[in-house]
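S.K.:
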Amino acid sequence: MVLFSNTLTYTRGFNTVSAFILVKISERRQKKKRKRTLGDETEDDSDKKKKKKHLRPNYFISVPITNPKIHASIKAIQTLIIEEDDRYTKAMIPLSTLHMTLLVTYLSSEEEVNIAISVIKEVKESIQRILQGEPLLLPFHGIGHFRNEVVFVKMVEAEDFLKHMAAHLEFAKRAFEEKGILAGDSKDFKPHLTFMKLSRAPKLRSQGIKKLDPKLYKNFENQNFGNEKLVNLDLCSMLKKKQPNGYYHCEASITVGKLDCGMVMGQLECKPGTIPGQGTRASQGEPTCTPMHTQGPI
Numbered sequence: 001m002v003l004f005s006n007t008l009t010y011t012r013g014f015n016t017v018s019a020f021i022l023v024k025i026s027e028r029r030q031k032k033k034r035k036r037t038l039g040d041e042t043e044d045d046s047d048k049k050k051k052k053k054h055l056r057p058n059y060f061i062s063v064p065i066t067n068p069k070i071h072a073s074i075k076a077i078q079t080l081i082i083e084e085d086d087r088y089t090k091a092m093i094p095l096s097t098l099h100m101t102l103l104v105t106y107l108s109s110e111e112e113v114n115i116a117i118s119v120i121k122e123v124k125e126s127i128q129r130i131l132q133g134e135p136l137l138l139p140f141h142g143i144g145h146f147r148n149e150v151v152f153v154k155m156v157e158a159e160d161f162l163k164h165m166a167a168h169l170e171f172a173k174r175a176f177e178e179k180g181i182l183a184g185d186s187k188d189f190k191p192h193l194t195f196m197k198l199s200r201a202p203k204l205r206s207q208g209i210k211k212l213d214p215k216l217y218k219n220f221e222n223q224n225f226g227n228e229k230l231v232n233l234d235l236c237s238m239l240k241k242k243q244p245n246g247y248y249h250c251e252a253s254i255t256v257g258k259l260d261c262g263m264v265m266g267q268l269e270c271k272p273g274t275i276p277g278q279g280t281r282a283s284q285g286e287p288t289c290t291p292m293h294t295q296g297p298i
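No gaps in the numbering here: position 127 of the sequence shown is 127 in the UniProt record's numbering, and each next residue is one more.
1. Using a Cβ distance threshold of 8 Å, determine whether the stretch 202-215 contacts the stretch 138-153, with at least three qualifying pairs required.
2. Would K197 and I93 be called neighbours here (beta carbons separated by less than 9 Å)?
3. Pick out whichever of H99, L204, L95 and V104 has its Cα sitting closest to the Cα of R56.
4. Does DSSP put H71 in a helix, in a strand, or in coil?
5. Given the structure, does E228 come close to the ligand NAD, in the sense that its CB is under 8 Å from one of the ligand's heavy atoms?
6. Return yes when the Cβ of S237 is within less than 9 Å of the Cβ of G106, no when it is not.
7. In the DSSP output, which residue or residues are listed as bridge partners for M196?
8. If N232 and P64 are in contact, beta carbons under 8 Å, what's the gap, nearest whole angstrom?
9. Report the three-state DSSP secondary structure of E84 (helix, strand or coil).
10. Assign L235 to one of two classes, buried (16 or more other C-beta atoms within 10 Å of its C-beta) or exposed (fewer than that).
11. Could you tell me if P191 is buried or exposed, where buried requires 16 or more neighbouring beta carbons within 10 angstroms of its beta carbon?
12. If you run the structure through DSSP and keep just helix, strand and coil, what is P139?
13. Start and end of the alpha helix (DSSP H) containing D204?
14. Report the rounded CA-to-CA distance for F225 versus G142, giving the unit in angstroms.
15. Please determine, among P244, R205, I117 and C250, the residue with the shortest C-alpha to C-alpha distance to Y88.
16. Would you mind sorting A76 into buried or exposed? The rule is 16 or more other CB atoms within 10 Å of its CB.
17. Based on DSSP bridge pairs, tell me the residues matched to H99.
18. Distance check for E251 and T97, CA to CA, integer angstroms please.
19. DSSP three-state call for V104: helix, strand or coil?
In structure tokens, the structure reads:
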């Protein structure tokens, strides 16, 4: 395995992947909209657009986290925090759902889901050309938080990564939304791996806990969590029932790197020609992998 020590090298590869997906979805959506010209837009059309802007995202494209070292490190921290105060138990993110979100979107119909799926399939060869056969490792080190309400593992060298990716995502987002599919605000993008969230345990607020105490994880602020090899990009639903293994309902998954099957914790299960949670949408004979985390919710 090769870790891209040059920040720009892995940054270009990873943010180009994200931007390329968004642009391609925009192009596919445009084909569906060509019959409508600017002069044909009615007041009802305008109202629908305004209404859609207020809809919450229901899908996301992400990198599933499958490295046993990362899982073990996060579990150790979660366990210590719970031993300190078991009221935080329900605030913990289950290991079976660990992922890093690239972008969120609102897909209003099966048609739009299929557009997104076709794009994910379409970009496979392009992504592999970007990576040029080299594995892309995402290094995780240290702990951060959002307003002491969400605690996460940081991605190393995120400043340069963010600088390059934000520009690509903002450009792609505008094109994306012009075609009727909403995407999250790229200006707010911060690569991270969430493992604790106050909103998961609403009863804590009624118990006087409105913020997560930084002292709970202070000793782990500089911990090295390991590297996640980029293997799959998943299109997952936020609302549909999770899979039996605890992972999100996955509409489609694209394998962009070489698989390490038979891992210690069994996170990856290779199934030729299947899609996680579906089993029918992948190309014939093309292997995909589903996170098969043996650890359940904490």
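From the three backbone atoms N, C-alpha and C, an ideal C-beta is built for every residue, glycine too. Just so you know, these numbers come straight off a predicted model, no measurement behind them.
M.R.: With the structure as the only source:
1. Counting Cβ pairs under 8 Å, three or more are found: they touch.
2. In this structure, I93 lies closer than 9 Å to K197 by Cβ.
3. For the residues H99, L204, L95 and V104, the minimum Cα distance to R56 belongs to V104.
4. The answer is helix: DSSP assigns H71 an H, G or I state.
5. As far as ligands go, the structure on display features none, and thus does not contain the ligand NAD.
6. Looking at the sequence itself, residue 106 is Tyr, so the reference to Gly does not match. Going by C-beta atoms, Y106 is not nearer than 9 Å to S237.
7. Partner(s): M92 and V151.
8. Contact between N232 and P64 holds, with the beta-carbon distance rounding to 6 Å and staying under 8 Å.
9. Residue state for E84 is assigned as helix, using DSSP reduced to three classes.
10. Within 10 angstroms of the beta-carbon of L235 lie 16 or more other beta-carbons, which makes it buried.
11. With 16 or more other CB atoms across the displayed protein chains lying within 10 angstroms of its CB, P191 is buried.
12. Looking at P139 - three-state DSSP - the assignment turns out to be strand.
13. The amino acid at residue 204 is misidentified as Asp; the sequence shows Leu. Run containing L204: K203 to S206, per the alpha helix (DSSP H) assignment.
14. A direct Cα-Cα distance of roughly 8 Å separates F225 from G142.
15. Per the Cα distances, R205.
16. Of the residues assessed, A76 falls on the exposed side of the cut-off, its CB having fewer than 16 other CB atoms within 10 angstroms.
17. Checking the DSSP bridge columns, you'll see H99 partnered with P64.
18. Each residue's alpha carbon lies about 15 Å from the other.
19. Residue state, collapsed to three classes: strand.
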